[in-house]
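*Asks:* Numbering (this note's numbering), first residue to last: 15 to 170.
(1) Near residue 90, which residues of its chain fall below 7 Å by C-beta distance, leaving aside the five closest residues on each side in sequence?
(2) Decide if residue 88 is buried, meaning its Cβ has at least 16 other Cβ atoms within 10 Å, or exposed.
(3) So which of 50, 35, 82 and 104 has the shortest CA-CA distance to residue 23?
(4) Under 8 Å, with one C-beta from each stretch per pair, do the stretch 72-81 and the stretch 16-32 reach the 3-pair mark?
(5) Pull up the distance between the alpha-carbon of residue 35 and that of residue 151, whole angstroms please.
(6) Using only CA atoms, which one of 155, 63, 94 and 75 lies nearest to residue 109?
(7) Alpha carbon to alpha carbon, how far is residue 102 from residue 153? Give it in angstroms, no decimals.
(8) Excluding the 5 residues flanking residue 85 on each side, which residues of the same chain have their C-beta closer than 6 Å to its C-beta?
(9) For residue 68, which three-state DSSP category applies?
(10) Specify the secondary structure class of residue 81 as computed by DSSP and reduced to three states.
(11) Thinking C-alpha only, which one of 77, 66, 64 and 68 is nearest residue 16?
(12) Alpha carbon to alpha carbon, what distance is there between residue 18 and residue 38?
(13) For residue 88, name the three-state secondary structure that DSSP assigns.
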């Protein structure tokens, strides 16, 4: 059931975001408006567009929310992996999307304060994992294979 709904939500979201979908909906609205004089702008004529748009809007809210939830979860997983992979990253940030608003505000104030201090001092350059690996390899060559220099840094 979950896979079916996920597939349906993904396909619907992709279709809804296409230009031709907008043009088709615009065409329906234009046809409805042009048909007004034919139906003498009666209540049934108005009810058709009102009911149709209400039902579509109601269903789209849930499909769009599902798509947003999945996208958000995927982005968080990717960011968490990047935080874990970067040596200088503060791994306390992994999973903070589950914190309360107050807890997030405390962390935000801490990060903003740290950023302001760093800007005043001049931003330090942060090494990438590839640069760290090259530095480790050079240290291993200098140390003639000492255990400390060869110790690989793996994920915790």
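C-beta: ideal position from N, C-alpha, C; glycine also.
*Replies:* With the structure as the only source:
(1) 111, listed in sequence order.
(2) Classification of residue 88: exposed, given that the 10 Å Cβ count is below 16.
(3) Checked all of 50, 35, 82 and 104; the closest Cα to residue 23 is 82.
(4) With the rule of 3 Cβ pairs closer than 8 Å, the stretch 72-81 counts as touching the stretch 16-32.
(5) Spanning the two alpha carbons is a distance of roughly 55 Å.
(6) When C-alpha distances from residue 109 are compared across 155, 63, 94 and 75, the shortest belongs to 94.
(7) The alpha-carbon of residue 153 is positioned some 19 Å away from that of residue 102.
(8) Within the same chain, residue 85 has no close Cβ partners at all.
(9) Three-state DSSP puts residue 68 in a helix.
(10) DSSP places residue 81 in helix when its eight states are reduced to three.
(11) Ranking the options by Cα distance to residue 16, first place goes to 77.
(12) Distance between the alpha carbons of residue 38 and residue 18: 26 Å.
(13) Note: residue 88 maps to helix in three-state DSSP.
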